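Okay, structure first, notes after.
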Amino acid sequence: MRRCLIFEQDRSGVIQSTRVERNSVQQSRCDIIILGGGPTGLALALALGGIGAEVLVIEARPLEQLADDAHDGRVTAIAAASQRMLEAIGAWEGMAAQAQPILDIEVGEPGTIGRVHYDHAELDEGPLGWIVENRLIRRALIAALAACPGVTVEAPARAATIDRDPSFVRLTLEDGTRAQAPLLAVCEGRFSTTRGRLGIRARQKRYGQTGIVCTLAHEKPHHGLAVERFFADGPFAMLPMIGSADDPHRSSIVWALEDGLAADVGALAGDAFAAEVQARFGDMYGRLTLSGRRWSYPLVLVRAESYTTDRVALVGDTACGIHPIAGQGWNLALRDVAALAEITADRLRLGLDPGDAAALAAYAGWRRFDGTTLVAVTDGINGLFANDVFPLALARETGLAMVEHLPPAKRFFMRHAMGLLGDLPRTMRGALV
6 MRRCLIFEQD
16 RSGVIQSTRV
26 ERNSVQQSRC
36 DIIILGGGPT
46 GLALALALGG
56 IGAEVLVIEA
66 RPLEQLADDA
76 HDGRVTAIAA
86 ASQRMLEAIG
96 AWEGMAAQAQ
106 PILDIEVGEP
116 GTIGRVHYDH
126 AELDEGPLGW
136 IVENRLIRRA
146 LIAALAACPG
156 VTVEAPARAA
166 TIDRDPSFVR
176 LTLEDGTRAQ
186 APLLAVCEGR
196 FSTTRGRLGI
206 RARQKRYGQT
216 GIVCTLAHEK
226 PHHGLAVERF
236 FADGPFAMLP
246 MIGSADDPHR
256 SSIVWALEDG
266 LAADVGALAG
276 DAFAAEVQAR
286 FGDMYGRLTL
296 SGRRWSYPLV
306 LVRAESYTTD
316 RVALVGDTAC
326 GIHPIAGQGW
336 NLALRDVAAL
346 AEITADRLRL
356 GLDPGDAAAL
366 AAYAGWRRFD
376 GTTLVAVTDG
386 INGLFANDVF
396 PLALARETGL
406 AMVEHLPPAK
416 RFFMRHAMGL
426 LGDLPRTMRG
436 ALV
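The numbering of the sequence shown is my numbering, which starts it at 6 and goes up by one.
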């Protein structure tokens with residue numbers, strides 16, 4: 006026997022989970038199978054479950070971890086277009102109260118005239134984005150599943166075999182449970198094992214950098230300002246957060262350092278670590294103190310050689326995992342989700358096969374350019390600011406200064422950061438799938 010998780014919400018708003026015992030020989034037939042129950046996989050499940058599609062999510066982690074509400078220190082930058090999508094699929098309501106609006110962004114290189122200040126008031130589009138704790142994103146997505154009875158989550162579960170024929174992809178889970186659908190979406194993250202099992206190769210680039218992530222409390226308010234500074238040893242971002250009862254003024258940092266230096270900095274005691282951050286950031290927010298623990302992870306670019314294969318679509322970091330330098334990782338993933346959901350929903354409404362060659366070609370064609378562009382931008386920016394060769398240093402200083410004094414260029418870059426440019430799926434414009 007295995008357990009299936011169906012999420013419901015009681016009258017007080019508390020998320021409840023119902024575990025349904027299933028015989029291990031049961032076979033499920035649905036419209037789409039999603040491998041991976043993280044934020045990307047759950048967003049795809051919500052987008053399609055909201056139109057009545059039968060969706061099966063298979064997640065390797067235990068149920069308790071999937072719905073865990075513990076603070077883990079990590080945050081995500083949600084662009085304006087991504088917020089519209091989350092609202093359209095019913096997930097934004099559950100995180101809106103704890104979402105910190107980004108009203109201004111300051112980008113610069115210390116010690117130079119290279120600096121750009123982006124002010125949301127220069128556009129009539131609302132905040133430039135929002136900063137939300139990862140745990141609150143997970144909780145909101147799970148809560149929204151209560152309105153999607155067609156979505157079933159199997160956890161913990163793993164696919165033992167994946168077989169495909171001209172019409173279906175068939176999975177057998179490790180306990181013998183079988184499932185089939187015309188389309189399989191792989192949302193396992195950049196180090197997906199299923200991607201390789203399906204014969205899709207991925208190119209990796211190790212930056213030799215480690216990202217340090219933590220929350221800092223500070224004396225003065227941030228006023229919704231996000232700061233990104235480029236140091237010779239790596240980029241540093243200070244992202245505004247909603248305050249807590251203990252710390253009314255908080256920000257999250259994402260600090261990329263050369264691996265050896267990151268190990269040394271990460272080993273510092275809390276006060277010494279905060280002092281090191283203070284030395285780089287300055288006194289703009291008053292005294293900085295560490296709030297909670299620190300996390301670190303290696304920075305690796307992963308790019309799949311193909312977004313699709315027979316009956317399969319790669320989504321989010323499984324297809325393209327980028328450097329965090331621009332805070333666009335999950336926004337790129339949500340554009341994948343929105344595109345695949347729109348194509349799939351349209352074909353289901355017309356009675357067409359959502360996983361045939363035409364559907365997959367449409368998805369890959371829609372998403373390939375966006376992924377390629379962001380890889381080039383994030384990889385290029387990281388390399389540009391990590392190099393102190395005089396011509397490059399002069400070029401980046403001059404470039405930032407020029408953008409600061411060219412309002413049309415500033416508005417273009419703001420709209421790009423907000424995710425408002427390009428061929429946007431319907432949900433990114435605030436419409437339903």
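Quick reminder that beta carbons are idealized off the backbone N, C-alpha and C, glycines included. Here the structure is a predicted model, which is why all the values come from computation and not from measurement.
Partner residues in the beta bridge of tyrosine 302, as assigned by DSSP, are Gly216. Here methionine 246 carries a strand assignment [DSSP, helix/strand/coil]. Under the three-pair Cβ rule at 8 angstroms, the stretch 204-221 does not count as touching the stretch 164-172. Take the alpha-carbon of isoleucine 94 and the one of alanine 346: they are about 11 angstroms apart.
Taking the Cα of tyrosine 290 as reference, the smallest distance to any Cα among Pro226, Leu355, Gly275 is reached at Pro226. Bounds of the alpha helix (DSSP H) holding leucine 146 are 139-149. Here the stretch 99-110 makes no contact with the stretch 268-281; the two share fewer than three CB pairs at distances below 8 angstroms. Between the stretch 119-139 and the stretch 178-187, the count of Cβ pairs shorter than 8 angstroms is below three; the stretches do not touch. For arginine 420, the enclosing alpha helix (DSSP H) has its first and last residue at 412-422.
Leucine 189 is a Cβ neighbour of arginine 316, given a cutoff of 8 angstroms. Taking all protein chains in view, the Cβ of proline 303 is surrounded by fewer than 16 other Cβ atoms within 10 Å, so the residue is classified as exposed.
The criterion of a C-beta distance shorter than 8 angstroms is satisfied by serine 256 and histidine 223. The stretch 267-346 contains, as complete alpha helix (DSSP H) runs of 4+ residues, the segments 275-286 (chain order). Relative to the Cα of arginine 354, the nearest Cα in the group Ile56, Ile63, Arg401, Ala261 belongs to Ile56.
Here isoleucine 37 really is in contact with threonine 349; their C-beta atoms are around 6 angstroms apart, less than 8 angstroms. In the three-state DSSP reduction, phenylalanine 173 falls in the coil class, being neither helix nor strand. Among the bridge pairs identified by DSSP, arginine 234 is matched with Gly113, Phe241. Residue pairing of threonine 81 in beta bridges, as defined by DSSP: Val137.
Sixteen is the threshold: when 16 or more other Cβ atoms of the shown chains lie within 10 Å of the Cβ of methionine 423, as they do, the residue is buried. Around the beta carbon of methionine 100, 16 or more other beta carbons sit within 10 angstroms, so the residue counts as buried. Of Thr215, Ala414, Thr294, Ala84, the smallest CA-CA separation from glycine 265 is found for Thr215. Residue pairing for isoleucine 39: DSSP places it in a beta bridge opposite Val62, Ala190.
Comparing alpha-carbon positions, the option among Arg34, Asp351, Leu379, His410 lying closest to alanine 367 turns out to be Asp351.
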